[in-house]
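Numbering (our numbering), first residue to last: 4 to 192. Heads up, the beta-carbon is just placed ideally off N, CA and C, and yes, glycines get one too. Just so you know, these numbers come straight off a predicted model, no measurement behind them.
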Amino acid sequence: MADELNTDRSAWLRCYRCWSQRLEAQVHYDAILRIDPETGEPAERIDEVQESVVQCLDCMHDQPHLAVDEGRVVPIEDRWERLVAGTPWVASCTVTVDQDLVEVCSGPEAADSLTYGAFGDAGTREFFTHVRFHKHDEERIVIHLLVELYARSSNEATDVLEAAARGPLEITSLAEESRPPAHAADEAH
Ligand SMILES: [Zn+2]
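Here it is in structure tokens:
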């Protein structure tokens with residue numbers, strides 16, 4: 004299966020959850036232009052920031068294994084095989100972090116802020132997380148979460164959680180869920 008995935012664009016250019024190939028990219032540009040004082044026209048492009056999210060039109064989920072690079076969708080090398088070929092795993096866990104890593108821990112921003120504090124970018128961009136509660140322990144915060152992530156084995160799921168955790172991680176349970184139904188049965192591997 005690995006060889007097939009490596010040689011075929013359709014292996015990664017698809018939704019990692021339902022394997023649909025109906026994808027859409029939302030691209031936002033932010034540009035800073037120097038203005039020519041004679042004409043009022045932009046004379047020079049000083050900086051440009053591009054942000055993009057690829058989404059599946061069938062299940063509407065974001066695609067964290069895909070990025071837009073110079074106008075073309077490319078796979079994220081250390082992530083796409085795990086997401087496309089993996090199954091969902093649900094972990095119940097705690098991450099203990101320095102309180103400075105959490106910006107706010109109450110109010111409407113709290114869940115995002117605690118998730119980012121616990122798992123950084125992977126927490127907010129790749130995993131589905133539910134913060135159950137958190138406790139303050141002197142200078143530290145113990146964050147209890149339920150996390151769904153895609154992996155090909157329980158070992159890989161554990162490795163990914165450990166790599167993402169921004170402080171000591173304790174996994175209380177880890178269970179494999181069934182993959183959502185594929186978009187088209189004849190495309191299933
Ligand atoms: Zn999908």
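- Item | Rounded straight-line distance, which links the Cα of GLU151 to that of GLN29 | Between the alpha carbons of GLN29 and GLU151 lies a distance of about 24 Å.
ask   = Between which two residues does the beta strand (DSSP E) harbouring ARG48 extend?
value = Its beta strand (DSSP E) spans residues 45-59.
Does the beta-carbon of ALA167 have 16 or more other beta-carbons within 10 angstroms, so that it is buried, or is it exposed? Here ALA167 is buried. Its C-beta has 16 or more other C-beta atoms within 10 Å.
**Message:** Could you check whether the stretch 147-164 touches the stretch 93-102, counting it as contact only if at least three pairs of C-beta atoms, one from each stretch, sit closer than 8 Å?
**Reply:** Here the stretch 147-164 lies against the stretch 93-102, with 3 or more beta-carbon pairs under 8 Å apart.
- Item | Whole-number beta carbon distance between THR90 and TYR153, since they are thought to touch under 8 Å | Between THR90 and TYR153 the Cβ distance is about 7 Å, and since that is below 8 Å, they are a contact.
Item to complete: May I ask you to check if the CB of HIS64 is nearer than 7 Å to at least one heavy atom of ligand 1?
Response: Within the cutoff, so yes.
Would you mind stating whether LEU36 and GLN66 have Cβ atoms separated by less than 8 Å? Against a cut-off of 8 Å, the Cβ pair of GLN66 and LEU36 comes out as no contact.
Run of the alpha helix (DSSP H) containing ARG85, from where it starts to where it stops: Taken as a continuous stretch (DSSP letters only), the alpha helix (DSSP H) holding ARG85 covers 83-88.
Practice prompt. Assuming GLU165 and LEU172 form a contact by the criterion Cβ under 8 Å, report the distance between their Cβ atoms to the nearest whole angstrom.
Written response: 6 Å between Cβ atoms; contact.
Excluding the 5 residues flanking SER157 on each side, which residues of the same chain have their C-beta closer than 8 Å to its C-beta?
Listed in chain order, the non-local C-beta contacts of SER157 below 8 Å within the same chain comprise TRP92, LEU177, GLU179, local neighbours out to five positions each way being set aside.
So what does DSSP say about HIS139, is it helix, strand or coil?
DSSP places HIS139 in strand when its eight states are reduced to three.
- Query: Out of curiosity, what's the CA-to-CA distance linking GLU84 and GLY126?
  - Reply: Distance between the alpha carbons of GLU84 and GLY126: 19 Å.
Quiz item: Just the Cα atoms here: how many angstroms apart are SER13 and GLY110?
Solution: The alpha-carbon of SER13 is positioned some 42 Å away from that of GLY110.
Please indicate yes or no: does the CB of ASP61 lie closer than 7 Å to some heavy atom of ligand 1?
The answer is yes for ASP61.
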